[in-house]
Structures are given as C-alpha cells and as structure tokens.
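For reference, the structure discussed in these notes is given below.
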Amino acid sequence: MSAETATNPTSVPKPKQPKGILKKTTPTPWNQGCICHLSDAQVVQYLEKCKSALWSKDGLVIVKENLSIRGADVFDSRDSTVLREDRKFLSLFQQAGLRLVKAEFQRGLPATFLPVKMYALAQREED
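Position 68, counted from 1, in the sequence shown is what full-length UniProt numbering calls 68; the numbers after and before it change by one each time, with no gaps.
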C-alpha cells in the first residue's frame, strides 16, 4: 500500500499489467444490476474509477441495467434502487468521460420484465 493510499482511502492505485499478457488484453469492468443502487453523482464517480482501471484506450467498461419505462427516472424506496431512462445513462456515461461503443437490449426476456440494456463504453478520444 502506498503512502498516498494509506492517507487517502479514496485513492486507488492503477493496476499494473501482468507480465505475459498480450497487449490487446485489458480488464473489462462488468457492472450488472449494481449501478441502480447508486445516486447519479456516485455513478459518475464509480465509472471514472472503472475507466481509470483500464490498461489501455482499447479497454471497455460494460454496464447492464434495467431501464425505466415511465418517461422519467423512478426511485423504489422498498429496495433503494433507481430505474433510469436510457438518456440519463448516456448523460452519466458522458460525465464520467466515457463514450458509447455499442448498446443492445437483452432479448428473450418475458414481456412482463422491464427492458434490460447493455452498454459497452470506452474512454473518450480526447481523454
């Protein structure tokens, strides 16, 4: 643990690429059904940390979440989650310095389920 990490617990050192790993291999932070438990500000902060964990500009951050179908974000006080609209996710990704590479709805779910969307995100070119 570095002195900076010991004095600042929010400072997380960037992982070093293990020896013997091909240069094109990068970690892929996969976030499924967890971002809904964070506030908008926490989502941006968390995604910034995911982005900083990437070893190269080719790395991806994956987000897979339920979407709101009510035309607005919806807070559920029973389980303290937030269902967000697609446009809110896109705004949060942009605020975190990420760009959308690909997005896709999960197919094959029962009609009674909320839509589930997967986002593949990369660092913005200017970052």
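Backbone N, C-alpha and C define an ideal beta-carbon position, used for all residues, glycine too.
- With a contact defined as Cβ atoms closer than 8 Å, L47 and L114 miss out at about 21 Å.
- Just measuring C-alpha positions, the residue of L38, E126 and L121 sitting nearest L60 is L121.
- Taken in chain order, the unbroken stretches of beta strand (DSSP E) that lie wholly in the stretch 72 to 111 and span 3 residues or more are 74 to 76, 81 to 83 and 98 to 105.
- By the criterion of a C-beta distance shorter than 7 Å, W30 is surrounded in its chain by I62, once the five residues flanking it on both sides are discounted.
- The beta carbons of I35 and V44 sit no closer together than 8 Å.
- Judged by DSSP in its simplified three-state form, K57 adopts coil rather than helix or strand.
- 8 Å or more divides the Cβ of L83 from the Cβ of K117.
- Distance from the Cα of A41 is smallest, within the candidate group L109, Q32, R70 and Q94, for Q94.
- In the three-state DSSP reduction, E48 falls in the helix class (H, G or I).
- Shortest Cα-Cα distance from F89 to any of Q123, L100 and T28 involves L100.
- Residue pairing from DSSP places Q123 in a beta bridge opposite L98.
- Remark: C-beta atoms of A96 and K51 approach each other more closely than 8 Å.
- By the Cβ-count criterion, E125 is exposed, with fewer than 16 other Cβ atoms from all chains shown falling within 10 Å of its own Cβ.
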